[in-house]
Each structure stands twice: as C-alpha cells, then as structure tokens.
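Down below is the structure, laid out as structure tokens.
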Amino acid sequence: MTTDHPSFPIPLRSDAAVQRGAALRFFMDGEPVEAFAGESVAAALMAAGRRTLRHSPRDGAPRGAFCLMGSCQECLVWIGTRKQPSCQVAVAAGLEVESLPWREARA
Amino acid sequence: MSAPVPLDLLVIGAGPAGARAALRARSCGLSVLLVDENPGAGGQVWRPLPAAFERRGDAPPSPEARDGDALRHELRRSGVKSLFGHKVWNIGSDLRTDVIGPDGSRSWHPRALLVATGTTERVVPFPGWTLPGVIGLAAATILLKSQNMLPGRRTVVAGSGPLLLAVANGILKAGGEVAAVVDIASRGEWLRTLPSLTGRPDLVWQGMQWQWRLRAAGVPVLYRHAVRAVESAGNGFGVRIGPVDASGRPLERAGVERVWQADAVAVGHGLVPGTDVTRLLRARHRFVRERGGWIAQADADGRTSVPGLYIAGDGAGIAGAAAAGAHGEIAALACALDLGVLDAGTHARLRAPLASQWARSARFGHAMAGLMALRAGAVAGIAADTVVCRCEDVTRAQIDAAVREGARDVNQLKAWTRCGMGPCQGRTCGDVAGALVAAQVGGREAAGFFTGRAPLRPVSLAEVAGEYTYADIPIPKAAPL
Chain W
0 MTTDHPSFPI PLRSDAAVQR GAALRFFMDG EPVEAFAGES VAAALMAAGR
50 RTLRHSPRDG APRGAFCLMG SCQECLVWIG TRKQPSCQVA VAAGLEVESL
100 PWREARA
Chain G
0 MSAPVPLDLL VIGAGPAGAR AALRARSCGL SVLLVDENPG AGGQVWRPLP
50 AAFERRGDAP PSPEARDGDA LRHELRRSGV KSLFGHKVWN IGSDLRTDVI
100 GPDGSRSWHP RALLVATGTT ERVVPFPGWT LPGVIGLAAA TILLKSQNML
150 PGRRTVVAGS GPLLLAVANG ILKAGGEVAA VVDIASRGEW LRTLPSLTGR
200 PDLVWQGMQW QWRLRAAGVP VLYRHAVRAV ESAGNGFGVR IGPVDASGRP
250 LERAGVERVW QADAVAVGHG LVPGTDVTRL LRARHRFVRE RGGWIAQADA
300 DGRTSVPGLY IAGDGAGIAG AAAAGAHGEI AALACALDLG VLDAGTHARL
350 RAPLASQWAR SARFGHAMAG LMALRAGAVA GIAADTVVCR CEDVTRAQID
400 AAVREGARDV NQLKAWTRCG MGPCQGRTCG DVAGALVAAQ VGGREAAGFF
450 TGRAPLRPVS LAEVAGEYTY ADIPIPKAAP L
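So the protein lines, in turn, are chains W and G. Here numbering that gives the first Met the number 0 is used: position 20 in the first sequence is 19, and no number is missing along the way. Here numbering that gives the first Met the number 0 is used: position 72 in the second sequence is 71, and no number is missing along the way.
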C-alpha cells in the first residue's frame, strides 16, 4: 500500500509484554493491510505507515489520528454506511475501510 | 421505538470513578446501568488490553493493569448491568438518557444520573500540531498500554505533567527511542510536589524508576522548554524546541532554539474535565484553573445544581485515579441517600472512610493537576497563523479578530468563526479558545464556555431514527379553522 512516510513500515508493534491476536488482513482504500486481532483500525494503519487519513475542510491540510479515544474525530473513516472514528473500531478479517478522500474521489 | 426503561441510577463512564460508583450504588440496593463507549471498564488510566491480546506469562502486569483487572473482575461479579461500546448521545431535562450502540438507539429513564466522564487532553497549539504523526500524550499512553504499539521510531515527548514521564518510559520499555522529553515545568516545580507524595512510597519508587530509565537511555530532559513548531523534514519531522518562562511564554533570545529530528511527537498540556453532559443539562459551572478549568459546581458529595444530577472523578475537578474511585463511591452513597434507600446514619458511617481515603489520594492528584494547569504565557505565545480549532481550521488571528470586532464570549466567537462548531464539538479547542477570548474580555468567567448541545457524539440520522413505520410518527391534530 502507499505510505506517506517512506521510512515506514517500521516495526512499531511491541510484543515484549503481550501476545497479539491472530494475524489478519483488512482493506484500506482497496489495498490490503496486515494487522492482528484486537488492534484498532487507527493503530493498525499507523503501524502500516498510513498516517494521513483525511484532509481538513477549509485548508485541505492532511490529518490523522490524534486523541485515539474517540473525542477529536480526526481519524474519521468510512466503514460500510457509517463514518466512524477509526480509533474506536477494531480490525477484522476482510473489513473494508475507506478514507473520506478516497470515497469522495470515486463518488 | 420503545418507551424509556425506568431505573434508579445511570452512570456514564466506567473509569475508576464511574465503575466504583456503580458497584457501591448496587451494593446499596439501587438498580444501576453503567454505560461506556469503550469496549471495557477502566477508563483511560486502567484501559484494558484488547480482548484478543494475551499478557505474556513472564511479563509482570503493571500496578495499573492489576488494579484495572481487579475492578473488571468485581464488576462482572456484581449485579451492575454494563453497556460497553455504547455512547450516550442525548439527555433530556428529565434525565431521560438516549444511548446508541451497535443495535441502534435505546432510552433509559433514571431517577438519578451520575456523570463520571473523566477528562480530555488539552494541547496548546503550535504550527504543525495538526500534522499526522503528532498525537496527544494521552493518545500515546493508549497506544503503548493497550495497543502495545509505539507512536514512532523516534519520538519527541512534550508538554507538562506526569504523563510526560509515563509516556517516555513506555516508549523505552517498548523498544522505541525518545529524542527528548520537553517539559514546560522547571525541575524546581517538580521538587515542590514532593510533599504531596508523603505516604505514597509506591509513587516515589515509580518516579525514581522512571528517572533512572531515562538517564540510563541517555534521554535529554529539557525543563522550561516547549515545542515551538513541527515541520515535515525528509522522512520525519524537524521539531523546533526553545526555552519558555514560568508562564510558558517562549523566550526570544538569539540562538536559543534548536531543531530535533524525530518521526513522531507526543504532546499534551494537561487534562480538562469533561463537561459535555453537565453543560448540556445547564448545570451551574465554575472556573477553577488548578483543577483543569471549567467544572460543574457541586457539593463534596457530587450533587450539582440540577436535581438528580451528580458528578464524580476527574470530570468533577482533576484529583487523579485513586481519588476518583473514592469520589465515585461518595457520590453513589449520596444518590442512595437522596433516593431513600439509605438512612442518614448508615450513610454517614459508610461515607467517613471514603472521605479520608479521598483526602489522602487527592493530595498527590491536586499537585499533579497544578503542574498541568494551563499557563497564560503559553496561550499568549500562540502564533497568529496557528490553527486553534482543528475541526474548522480557525486560526488564532481569526479568533482575535472576532473578539476585536465585538464577540464578547466563546459562543459569539463560535457563531462568527465556527470555532468549536465542528464534529469534536469544541472538546479539543474549547479550553484554549476560552483562554484566548478571556485575555481580551477580562477573564474566563466573562468568556464563558461553549453551550452544551446534543448530540454529545456524532450520530447518523439513520441510527437515531432506527426502524419505524409512518404509523409511528406522531402527527398532531391541526388547529380548528
């Protein structure tokens, strides 16, 4: 998948203290993303090097996950028929996630 | 759509305050519903591991993980009905509470409502704080503690308060690199909090361990410094860092600024009590800077100015997790007393040990809250073209211009500029926007706070409306001609 930080993907996952859930694959803007059960969509995307999720409404500036607790709404993505903060949604095998700009461009 | 379900007490938020309140209220015989938008109890401080993760046998759980696990175990065994992954999106003046979950919206009609919604993080804006890869300190703790993930390979940890040390240590423990810890406070300010640690050898020990680990890793700790700007540079960021005075104002001397290379920034300037619900219900509020900002006015037992509405925990003024648990139980006892299931004598007997527990724990929490309080110079030093309201891209210059042109409080500011009108509903910018307006209109009381509005969280009309037929829509009779 395209990453906005060329140095990524880097190993951001730390398995010193935990055993993650099963490896799985979900889709972001049609491209496969490897993740582990239990991870949030926002965290899995960060680990995959996908930091920019949308653009701000007036300036068109890049935005990504910021508070990770469902308050700031910066990490909104489309999941099915609903816009949801990606930090509040757990990954699942085959889950189809679309960024707002991606869906807009295809509308 | 079904009629609201009646019950004694609805508790919003399953952190230390809300969960302990629910347990105590249940043990007094009240019917209790505990609602939280997160997948499990514990709040941010005791946030559980994802259910699909397993702690390794050889990795000892942290004290926080132990406390959280004990609380969750107790909740499961209690008669408290819990709804996780559910959001309270609206509350009526009769306390009817609308809750949305995967199966749509349902309503409860509690006799008492206890708000234990904790805090949100404040970040004093600087150029570049909106760049992807710049996250909150609280966000970093969630990544580290729950997701077991680093914010970046090399992270600048900046801002104020105890989360600085916690996050920097979490990063080191997880195998990441900390470029620098950047603290608005001076070393002396930290030392002055030491008396509040009397009787808490566990916290002293933890603090010492944290300091040692930073030193061993060679992490520079820059006291009385702040991040001035974050700029994209190559594969990461250039983080401009410079000294500040005691009020947080950047010191402008030649050659004092330095650029640090990093690929992530975790930054936070303290916590702000969550007042979404109490503002929505038009409770009276007061501004207490050293407790985090605006908080609902309440007596020592959490009774607000609205009958039947109670608050507890950090959302009632920052005092820390240990105090929050005791505060939650005290508020639950007040509910039980007010609802008539507890007589005054029993209430007093049960309350006394909790009150002294609260007083002991709150000393440390209050000292930390003091370190995290918003500093006037930091706000004054925000550059004119810096975005303050992230949702609507409103800059400091636009805020200042609106006030110059006659906006007298934050709600007029909101109407004129859309500052605080976006999807976060002012939770992210509200405190700083209030401070910017206050600087020109003569104080925080004059500047006020954003009027609480439903929905408390973004919801879709389809979710709220749910399944219905046209016959369900009440159509009033037309007036006779």
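For every residue, glycine included, the Cβ atom is placed at its ideal position computed from N, Cα and C. These numbers were taken from a predicted model, which means no experiment stands behind them.
Task: W:V90, DSSP secondary structure in three states - done: coil
Open item on the list: Using CA atoms only, rank isn't needed, just tell me which of G:L353, G:R252, G:T274 is closest to G:D300.
Closed with: G:L353
Open item on the list: Check whether chain W comes within 8 Å of G:C418, counting only Cβ atoms and requiring the distance to be less than that.
Closed with: no
- [ ] Compute the Euclidean distance between the alpha carbons of W:C86 and W:S13, then round it to the nearest angstrom.
- [x] 18 Å
Open item on the list: Here's the rule I'm using: 16 or more other beta-carbon atoms within 10 Å means buried, otherwise exposed. How should G:T140 be labelled?
Closed with: buried
TODO: Just confirm the distance between the C-beta atoms of G:V34 and G:L82, as a whole number of angstroms; I'd bet it's less than 8 Å.
DONE: 5 Å
Open item on the list: Please report the straight-line C-alpha distance between G:I99 and G:M367, rounded to a whole angstrom.
Closed with: 35 Å
TODO: Compile a chain-ordered list of the residues in the stretch 49-81 of chain W whose CB is closer than 8 Å to at least one CB of chain G.
DONE: R50, T51, L52, S55, P56, R57, D58, A60, P61, R62, G63, A64, F65, C66, L67, M68, G69, S70, C71, Q72, E73, L75, T80, R81
Task: Secondary structure of G:P454, DSSP reduced to three states - done: coil
Open item on the list: Below 8 Å on the Cβ atoms is my contact criterion, and I expect W:G37 with W:A89 to pass it. Report the Cβ-Cβ distance as a whole number of Å.
Closed with: 7 Å
Open item on the list: I'd like to know if W:L11 contacts chain G, where contact means its C-beta is closer than 8 Å to some C-beta of that chain.
Closed with: yes
Task: Of the listed residues G:Y222, G:P131, G:R55, G:P200, nearest to G:L164 (C-alpha basis) - done: G:Y222
Task: Backbone CA spacing between W:R102 and G:D93 [nearest angstrom] - done: 41 Å
- [ ] Would you kindly work out how many angstroms separate the C-alpha atoms of W:F26 and G:P306, rounded to a whole number?
- [x] 49 Å
Open item on the list: Between G:A16 and G:A311, how many whole angstroms is the CB-CB distance? I'm expecting something under 8 Å.
Closed with: 4 Å
- [ ] Just mark G:W204 as buried or exposed, buried being the case when its beta carbon has 16 or more other beta carbons within 10 Å.
- [x] exposed
Task: Interface residues of chain W facing G:S81 [CB-CB closer than 9 Å] - done: Here the premise fails: no neighbours, minimum Cβ distance about 17 Å.
Task: G:S104 - partner residues in DSSP beta bridges - done: G:I99
- [ ] Use the C-beta contact count for G:Q208: other C-beta atoms within 10 angstroms, 16 or more gives buried, fewer gives exposed.
- [x] exposed
Open item on the list: Let's see if you can read the secondary structure: which residues bound the beta strand (DSSP E) around W:R19?
Closed with: Note, W:R19: premise wrong, no beta strand (DSSP E); not H, not E.
Open item on the list: Below 9 Å on C-beta distance, what does G:A58 contact in chain W?
Closed with: A15, A16, V17
TODO: Answer yes or no: do G:V266 and G:W128 have a C-beta to C-beta separation smaller than 8 Å?
DONE: yes
Open item on the list: Quick check on DSSP: helix, strand or coil for G:P47?
Closed with: coil
Task: Between the CA atoms of G:A438 and W:D58 - distance to the nearest angstrom - done: 27 Å
TODO: Please classify G:D66: does DSSP put it in a helix, a strand, or coil?
DONE: helix
Task: At least 3 beta-carbon pairs within less than 8 Å: the stretch 253-269 of chain G vs the stretch 103-123 of chain G - done: yes
Task: Simplified DSSP assignment, three categories, for G:A406 - done: coil
Open item on the list: Let me check understanding here. Comparing Cα to Cα, which of G:L341, G:I183, G:A315 lies closest to G:T118?
Closed with: G:A315
Open item on the list: So, for W:M0: in the same chain, excluding its five sequence neighbours on each side, which residues have a beta-carbon less than 6 Å away from its beta-carbon?
Closed with: At W:M0 the pLDDT is 45, less than 50, meaning the model places this residue with poor confidence; the figure from the coordinates comes in the next sentence. For W:M0, where only same-chain residues beyond five positions count, the Cβ hits under 6 Å are E30.
- [ ] Output yes or no for whether 8 Å exceeds the beta carbon distance between G:E444 and G:M420.
- [x] no
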